[in-house]
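Only one structure is covered here, and it is reproduced in the block below.
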Amino acid sequence: MIRYLRNTSLLPYNTFGVEAMASHLFFLQSPGELKEMLDFPGFSQMSDDMCNLLVLGQGSNILFTDDYHGVVVRNEIGGINVTYEDETSVMIEAGSGVVWNDLVEFTVNRGWWGIENLALIPGTAGAAPVQNIGAYGVEAADVITRVNAFHLEKGKWMALDNRECGFGYRDSIFKRELRNKTIIYSVVFRLSKKAQPMLEYSGIREELERMGISDPSGADISAAVASVRRSKLPDPEILGNAGSFFKNPVVSETIYRELSGKYPQLRAHRQGDQYKIPAAWLIEKAGCKGYREGMMGCYEKQPLILVNYGGATGKQILGFSEKIQESVYSLFGIVLEREVNVF
Ligand SMILES: Cc1cc2nc3c(=O)[nH]c(=O)nc-3n(C[C@H](O)[C@H](O)[C@H](O)COP(=O)(O)OP(=O)(O)OC[C@H]3O[C@@H](n4cnc5c(N)ncnc54)[C@H](O)[C@@H]3O)c2cc1C
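All residue numbers for the sequence shown refer to my numbering, where the first residue is 46 and numbers rise by one.
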């Protein structure tokens, strides 16, 4: 029987470590339990006819600013299966509740290539397509071939191929048209059996050298990435946070030229005829790196990350983030867009 709790704290279910109550909390352990949940007595009223329903993975990309007056579904659907294999590639289907880093380990331990650079990103496999997780030059969109979901409003099972997911930089259809409308229950990935190391991104090659490895396996690369990440990023178990709070802004060539004329140290990644500027650099220049206000602050090693030193509320953190947005805007005229989902 599906596990259900009423008026429950969401504190254990979000990495920012903020307090918020959920009126109704369901724990989904298989796609089959979806029907049980939808048939649960009074479900329609609980979710206000699906208008107030939130799917939660590990809550590592979420900021609760209030209690959630509706249904929260904590996704715990497990299982990793090989669905196709040939000499050069393999396809695996991961249950959406599989812990992302467990999936990375599962693949690198078998010598399969594709997601080794995404080691140690917190969260679940089902959330990976939502914001198209990425790190160290790799994005989930590079290897996702299909996302299987249930459309809550239409009551229909659906399968979206890579193109239909509308992937972009930290973006997908699940953050736009399908926001809060679907429950992703599994994700299919195509991985390579042929070595394809991606070492260009800063820090990985140096870390491998430090480890004394010249011809790295996928497992070596994921270990190097994990080590670099541990040295730079706060561990949510110790310091509440949700990773990068803002996206890196993408600006026109004219704006980039103007900025780099004024700030020759500015480094940007070219994307077609636009430029992606490091938000961390903008925040640091605006004087916010390491800035602390009460129980929250801008992490001293990586200013893109806002941290909860303990006891800050979601509303306070949101207000703090708006001050950072204002500081950056008043100096550069650039609006920082949030990466974290605010509820
Ligand atoms: C220390 C730290 C480092 C991080 N580093 C990175 C990084 O390098 N790169 C990166 O991209 N992200 C990073 N993140 C952000 C986060 O890890 C990812 O966004 C992750 O995919 C979120 O997974 P989750 O299961 O916790 O999702 P949640 O936070 O629970 O949910 C995120 C969003 O996805 C939706 N969602 C979740 N599961 C489902 C589902 N099954 N069906 C439908 N919708 C769903 C939720 O409704 C919500 O809108 C970092 C976070 C932390 C705390």
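For each residue, glycine too, the CB sits at the ideal point set by N, CA and C.
Everything numeric in this text was worked out from a predicted model, so none of it was measured.
Could you compute how far the alpha carbon of Lys277 sits from the alpha carbon of Trp326? 15 Å
Compute the minimum distance between the beta carbon of Val100 and the heavy atoms of ligand 1, and state whether it is under 6 Å. yes
Going by the CB atoms, is the gap between Phe219 and Val183 shorter than 7 Å? Contact check for Val183 against Phe219 fails: the beta carbons are separated by 7 Å or more.
First and last residue of the uninterrupted beta strand (DSSP E) at Thr190: 189-196
Give, in chain order, every unbroken run of the alpha helix (DSSP H) that is at least 4 residues long and sits entirely within the region 253-301. 263-277
For ligand 1, is there any heavy atom lying closer than 6 Å to the beta carbon of Pro57? no
Span of the alpha helix (DSSP H), counted from its first residue to its last, around Asn146: Residue range 145-153 is occupied by the alpha helix (DSSP H) that includes Asn146.
Compare the C-alpha of Ile283 against each of Arg48, Asn193, Gly62 and name the closest. Gly62
Within this structure, are the beta carbons of Glu298 and Ser272 separated by less than 7 Å? no
So what's Ser247 in DSSP terms, helix, strand or just coil? coil
Taking Cβ positions, are Ala269 and Asn293 nearer each other than 7 Å? Against a cut-off of 7 Å, the Cβ pair of Asn293 and Ala269 comes out as no contact.
Classify Ser141 as buried or exposed, calling it buried when 16 or more other Cβ atoms lie within 10 Å of its own Cβ. buried
Work out the CA separation of Phe195 and Thr60 for me, nearest whole Å. 26 Å
Express the C-alpha separation of Arg51 and Ser289 in angstroms, rounding to a whole number. 31 Å
For Thr128, which residues in the same chain have their Cβ closer than 8 Å to its Cβ, ignoring the five residues on either side in sequence? Met136, Ile137, Glu138, Val233
Residues that Ala240 bridges to, as DSSP identifies them: Partner(s): none; Ala240 has no beta bridge.
DSSP state of Cys333 mapped onto helix, strand, coil: Collapsing the DSSP output to three states places Cys333 in coil.
Could you tell me whether any non-hydrogen atom of ligand 1 is closer than 6 Å to the CB of Ala269? no
My assumption, with CB atoms under 8 Å, is that Ile160 sits in contact with Val116. Please give the rounded CB distance. Going by Cβ atoms, the distance from Ile160 to Val116 rounds to 31 Å, so no, they are not a contact pair.
Integer-rounded CB distance, given that Lys321 should sit under 8 Å from Ala313: 6 Å
Output the distance between the C-alpha atoms of Asn193 and Ala204, rounded to the nearest integer angstrom. Rounded to the nearest angstrom, the two C-alpha atoms are 5 Å apart.
Give the DSSP-derived three-state secondary structure of Lys80 in the structure shown. helix
Between Pro279 and Tyr214, which are expected to be in contact by the criterion C-beta below 8 Å, what is the C-beta distance as a whole number of angstroms? In fact, because the Cβ distance is near 23 Å, the residues do not count as touching under 8 Å.
Any idea which residues DSSP pairs Thr169 with across the strands? Val144
Quick one, are the C-beta atoms of Gln103 and Pro167 less than 7 Å apart? yes
So, does the region 143-162 touch the region 77-87, judging by three or more C-beta pairs under 8 Å? Judged by pairs of C-beta atoms under 8 Å, the region 143-162 does not touch the region 77-87, as fewer than three such pairs exist.
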